[in-house]
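The structure under discussion appears below in the form of structure tokens.
4 protein chains.
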Amino acid sequence: MGKFRRVPVGIVGASGYGGVQLVRLLMDHPEVELVYLGGESSIGKSFGDLYPHLAHAANLPIEAVEPEIIAHRCEVVFLSLPNGLACQIAPKLLEKGCKVLDLSADYRFRNLTTYTNWYGIERSDRTIAATAVYGLPELYRDRIAEAQLVGCPGSYPTASLLALSPLLKQGLILPETAIIDAKSGTSSSGRQPQTNLLLAEADNSIAAYNIGRHRHTPEIEQICSDLAGHELMIQFTPHLIPMVRGILATVYATMSDPGLVRDDLITIFSAFYRNCPWVRVCGSGVYPQTKWASGSNLCYIGVEVDPRTGRVIVMSAIDNLIKGQAGQAIQCLNLMMGWDETLGLPKLGFYP
Amino acid sequence: MGKFRRVPVGIVGASGYGGVQLVRLLMDHPEVELVYLGGESSIGKSFGDLYPHLAHAANLPIEAVEPEIIAHRCEVVFLSLPNGLACQIAPKLLEKGCKVLDLSADYRFRNLTTYTNWYGIERSDRTIAATAVYGLPELYRDRIAEAQLVGCPGSYPTASLLALSPLLKQGLILPETAIIDAKSGTSSSGRQPQTNLLLAEADNSIAAYNIGRHRHTPEIEQICSDLAGHELMIQFTPHLIPMVRGILATVYATMSDPGLVRDDLITIFSAFYRNCPWVRVCGSGVYPQTKWASGSNLCYIGVEVDPRTGRVIVMSAIDNLIKGQAGQAIQCLNLMMGWDETLGLPKLGFYP
Amino acid sequence: MGKFRRVPVGIVGASGYGGVQLVRLLMDHPEVELVYLGGESSIGKSFGDLYPHLAHAANLPIEAVEPEIIAHRCEVVFLSLPNGLACQIAPKLLEKGCKVLDLSADYRFRNLTTYTNWYGIERSDRTIAATAVYGLPELYRDRIAEAQLVGCPGSYPTASLLALSPLLKQGLILPETAIIDAKSGTSSSGRQPQTNLLLAEADNSIAAYNIGRHRHTPEIEQICSDLAGHELMIQFTPHLIPMVRGILATVYATMSDPGLVRDDLITIFSAFYRNCPWVRVCGSGVYPQTKWASGSNLCYIGVEVDPRTGRVIVMSAIDNLIKGQAGQAIQCLNLMMGWDETLGLPKLGFYP
Amino acid sequence: MGKFRRVPVGIVGASGYGGVQLVRLLMDHPEVELVYLGGESSIGKSFGDLYPHLAHAANLPIEAVEPEIIAHRCEVVFLSLPNGLACQIAPKLLEKGCKVLDLSADYRFRNLTTYTNWYGIERSDRTIAATAVYGLPELYRDRIAEAQLVGCPGSYPTASLLALSPLLKQGLILPETAIIDAKSGTSSSGRQPQTNLLLAEADNSIAAYNIGRHRHTPEIEQICSDLAGHELMIQFTPHLIPMVRGILATVYATMSDPGLVRDDLITIFSAFYRNCPWVRVCGSGVYPQTKWASGSNLCYIGVEVDPRTGRVIVMSAIDNLIKGQAGQAIQCLNLMMGWDETLGLPKLGFYP
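Residue numbers (full-length UniProt numbering), protein chains in the order written: chain A, 1 to 352; chain B, 1 to 352; chain C, 1 to 352; chain D, 1 to 352.
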């Protein structure tokens, strides 16, 4: 009978968009059972109070966040909390033997000084942080499979790194020329009401924000530096565009070898992602649309070369809430549990 | 030289969407000069702090709301405040000789008991309220021209009443069968951040709200009762739809004379609005789109008859922030000042 | 081994939005295997040519429509074709023993004269049409289970009938007072390019169309007449609103017994749909949003009573492409095959 | 009395979005009278047939395109036609003494070989093309004032060049590092129905297109080369985003002097545009939104420096149909006629 037992899973911080996606996806996952939802601000409510349309399917109570009790009931815990909170809870859960997947920035950085510089939060859990693995399976599949603690990437870094990794890893570009111009739907900014996120303000408009100082910058740079083999700075500019879901990262870089043509690069990208079920490299002349990815855990990558300028332009399209957040965390869970990497994850977007 | 003097005008409550439209339209009005902007919460800021893109054109300071001082500087004052505040300020302005146009609900009701029942606000200014004229020029042009105090209609009542008035006035329908199904862009709900107004929540969704208890119901009923000559109750249902601007009211009623055909009614509507420069009755078989009205002070009306059911269906499309709010107030101002009713108002929408 | 064999299924007319949803949902259905896609205009292409983002998952060729060959390969065939074509193909498929689910209007009408009057298409297949069952499982579950030919409802009738059925069936309203004001996303109008469906035209706008003469009217009336026990005419008005997916039907009717209150009606609706896994009756004071249903096969129903006017107002929200089209067809398939009614269908929307 | 005579103006090609904006703006222009609308495909219709909501205000007939007759009636002619047609009509109009403003690409290029290479259209009117002035007033005000023939810029070049000009003119950047990542609403793609422009396809999605081969590239490069004083190639990538109006160009370049800080550059930009009433340089830390510009002829420019990477990032926001098309053409007209550059043009956007 044991083989049919589902793994008990909990979510701390289930009220935001990351939380609701985790709930939705985990409800459909064949090997897990969602047994705990926690959150300070909503204690006493049920999940159906926060999202009435899910009351029929996922009406768990929102409980207090007591690590001992959580650890007693859950084998795996997802943390979907504001930055600076996961690092207070994760150590206690790890100590009790839980596997932990953190969706905040707390466990994304090898170098906690970088974290403190960019997030303004002091940290004292250096030893534990050092055990965390960066949860981008396309780059760190084997290490994730061994990890007890995974720091899941941000949505912008996911799109950006999947576009840049083959280029950096194989030395195809001059790294310091890399520019990422990213465009995101507003759900990336969360469910807390803010004037600039109102439909009346955000619809029919686009603007950049936090140029050169968005907190996803050091996260992108950390991994790019790894891939390039030396410290890098990357130009990263996020924009909010009038749509709910999706990120498109348009990446520019000067090629080391200006003789490479588009099909060369598509071949290289396709080889790089050959064993990656969640990355689709588009054919020659095809550019990805974010709508293709919406609702799925897929990343679509388009590759173009401008022979006039010697630059490669890579476009990467994801659903910011799935491959950019909840879906990727579950992809990591699948690896940590030794399951198939695609288990329980949507592979066909809900187009249109 | 006096003939070139512009009339000094002030706005109390300039920070919301009603305020910003008033500012925009009054800046372009040939006969007025905007000399005062007031608002408690933004004192010390400039209008350009609230709306940076207008800083070059309309960078007045936001000043304290002191009626004596306002009256000293302004001949005309627009009040664009939450319900229950205008009735505290207007009497003082009137006493000093100002003309006052109130955009809240405070001066829309002849019967203050109705106001108190629906708005939960006690009132003691019965005498002054009795002098207020309901600011729908298509029905009350002459009285507005004589008024010192105008209570400007809500946006839903504007669209609804322009659709219903010819039918009720001429006894063409069974009044108790009238149903108004109205659809509004989210700017009608204002600029205060609320979760349900976020783009991520409101985009790609529609829902009804406040059925049978929306506060515009008694306002619609008051005028309909006037037109019909007896007390009426009207079914009114508002919906929020995923767009910024515009209201479409779809009105249903059973015809008194089931023999009337579409062209009869179009003729009747056209005659009713013959002298109304801001109402356009569409030709036979043409239904109005809200986009046509966006950016203008126009109301487009489409008329249809269903000979199978004996019902008339009237559609009325306006820009909720212009004909439904700021533009209509200026239309009233034009009448109050003896100017041409169209002065300073946009007559061509910004389509697409 | 036979018990693990999947049922071979085909789709004729796979290129539109109905087709792409059928493909997406059937790919995820545990008991079927998609073995055939047909369509005249796209012969020689693959499905991935039409929808590049699905090329990795569903890259079947688009084949010619030869009923003999289709019937040889498929046990079940979905027809997703313009009106007037299914009735030419279905008889041949039925003769060969296929089960047929038609998504067009061809098999929705018991009375083919009505069909011919509203669709302008002559029909000679009266005998076969008489065997068709109307594919609304909430009303005709048992008959669908026995059917070889199902005429799947239109999207507007699905939303409208789920709102009206309990009221009519139980004599709670004066039927002739029923008015349906429906609002749909533009995907209901298909993928053929038309000026009025361009984003630049349809965004930030709303308009009604085809009042009193939309072809879904007689379909709604046919079923309502069945439920009421006598011939009825229903006022039906569709609107296009600026969103991709979703229909909200707002239904008005005068109650037979004006003493009924909201909770009475919610109790009645809940009882009526007790055994319907795809209908959710909202709690007291909760109105459904179409976003709740988007991506799922659910219909959310909200019930309100206006004690002032004696009317009941019912709101019904569906995903027009799922419960309103492809999902409902699969729900019917499940019944026809004796499977669980929920098999292979999404029960959690992709909110936000 | 002659001083009150309005200048008679005609538009050839009035049916598209460029045309409807020209009509709308010229109707409000105090010094011109719109006397002629021409277009082959709509002959015999009236403008109100194409845009019913403007029938009350601008119901001119659409007439045949006969240059002799046009020239007889009009002093000024706007050509809003597909590429390759203006160059067949303009010479005849010029010969008869008309001033001509062409909104297509036909008269944007000094070097017709470039035009032919990128547009695939042979040209034989070299002499006349050589007299055309590029209609970007912020760069070529004096030459426009003298011109009889103006080739109005494309919408992407307008946004891009206003961002780049101060940098190139003053040698502040390494020109070959310049990258333009541009995002446009779908109205830039016109009113002809195409599948990818349908709301159901384009809403909630973003994609790049024509990377390295968009026809606005050589137009941008021509002017940039002028400014830099030597031949340049510029990386230009356009994207379609889900909104109706607006373009944001985000421009990246490495600074020649890495010691420059943000406020230095804002000072330089402000000085550069000091006499430009239609350009607004944002204050320190303020980034422009396209919504600010919507409905106006303004270009909002934001300037940022990333001291980490040594790059300057400039954002430029315009209404693609006004400053990017019809409004700019009228701005040129004002200069050509010796009128104030701001005459008849909207200076306050219709926010929100």
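All C-beta atoms in this analysis are idealised placements derived from N, C-alpha and C, irrespective of residue type, glycine included.
- Under the 8 Å criterion on CB atoms, Thr237 (chain D) is classed as interfacial with respect to chain A.
- Between Leu198 (chain B) and Leu198 (chain A), the C-beta spacing is below 8 Å.
- Rounded to whole angstroms, the separation of the alpha carbons of Ser155 (chain A) and Gly229 (chain D) is 42 Å.
- Using beta-carbon distances, Ala200 (chain C) counts as an interface residue toward chain D, with a partner under 8 Å.
- Relative to the Cα of Arg215 (chain C), the nearest Cα in the group C:Phe109, C:Val305, C:Ser296 belongs to C:Phe109.
- Residues of chain A whose Cβ lies closer than 9 Å to the Cβ of Ser46 (chain C) do not exist; the shortest such Cβ separation is about 12 Å.
- Taking the CA atoms as reference points, Gly327 (chain C) sits about 14 Å from Asp340 (chain C).
- Between Arg280 (chain A) and Leu265 (chain A), the CB-CB gap reaches or exceeds 8 Å.
- In the DSSP assignment, the residues bridged to Thr237 (chain A) are A:Asp181.
- Rounded to the nearest whole angstrom, the C-alpha separation of Cys276 (chain D) and Arg141 (chain D) is 10 Å.
- A direct Cα-Cα distance of roughly 19 Å separates Trp292 (chain D) from Gly185 (chain B).
- In the DSSP secondary-structure assignment, Leu101 (chain D) is bridged to D:Phe78, D:Val150.
- Burial check for Ser284 (chain C): the Cβ neighbour count within 10 Å stays below 16, so the residue is exposed.
- Look at Pro166 (chain B) here: in three-state DSSP terms it is helix.
- One alpha carbon belongs to Ile220 (chain C), the other to Ile234 (chain C), and they sit about 8 Å apart.
- Note that the region 14 to 22 of chain A touches the region 188 to 196 of chain A; at least 3 beta-carbon pairs, one per stretch, sit closer than 8 Å.
- Taking the C-beta atoms as reference points, Arg262 (chain C) is found no nearer than 8 Å to Leu321 (chain C).
- For Thr290 (chain D), not one C-beta of chain C is nearer than 8 Å to its own C-beta.
- A Cβ-Cβ contact shorter than 8 Å links Gly38 (chain C) with Val65 (chain C).
- Legend: CB atoms of the region 305 to 335 of chain B lying less than 9 Å from CB atoms of chain C belong to residues Val305, Asp306, Pro307, Arg308, Thr309, Arg311, Ile313, Met315, Ala317.
- Setting aside the 5 residues that flank it on each side, Tyr351 (chain B) is surrounded in the same chain by Lys291, Trp292, Ser294, Gly295, each with a C-beta closer than 8 Å to its C-beta; the list follows chain order.
- Interface residue (Cβ-Cβ distance to chain C less than 8 Å): Asp340 (chain A) is not classified as such.
- Between the alpha carbons of Leu248 (chain B) and Ala249 (chain C) lies a distance of about 16 Å.
- Leu81 (chain B) is not a Cβ neighbour of Val100 (chain B), given a cutoff of 8 Å.
- DSSP, reduced to helix, strand and coil, places Gly302 (chain D) within a strand of the structure shown.
- Among the bridge pairs identified by DSSP, Ala208 (chain D) is matched with D:His239.
- One finds Asn204 in chain C with Cβ atoms closer than 9 Å to the Cβ of Arg245 (chain B), taken in chain order.
- DSSP, read as helix, strand or coil, puts Tyr119 (chain B) in helix.
- At a cut-off of 8 Å, the C-beta of Gln21 (chain B) has no neighbouring C-beta in chain A.
- Within the same chain, Leu343, Gly344 come within 7 Å of Pro30 (chain B) by CB-CB distance, once the 5 residues on both sides are set aside.
- With a minimum length of 3 residues, there is no unbroken run of beta strand (DSSP E) contained wholly in the region 314 to 345 of chain B.
- Taking C-alpha positions only, Gly171 (chain D) is separated from Phe269 (chain D) by approximately 13 Å.
- Looking at the DSSP output, Ile11 (chain C) shares a beta bridge with C:Leu37, C:Phe78.
- Taking 8 Å as the cut-off, the beta carbon of Thr254 (chain A) is found closer than this to the beta carbon of Thr177 (chain A).
- When only Cα atoms are considered, Gln222 (chain C) and Pro153 (chain C) end up about 12 Å apart.
- Under DSSP, Thr254 (chain C) forms a beta bridge with C:Arg311.
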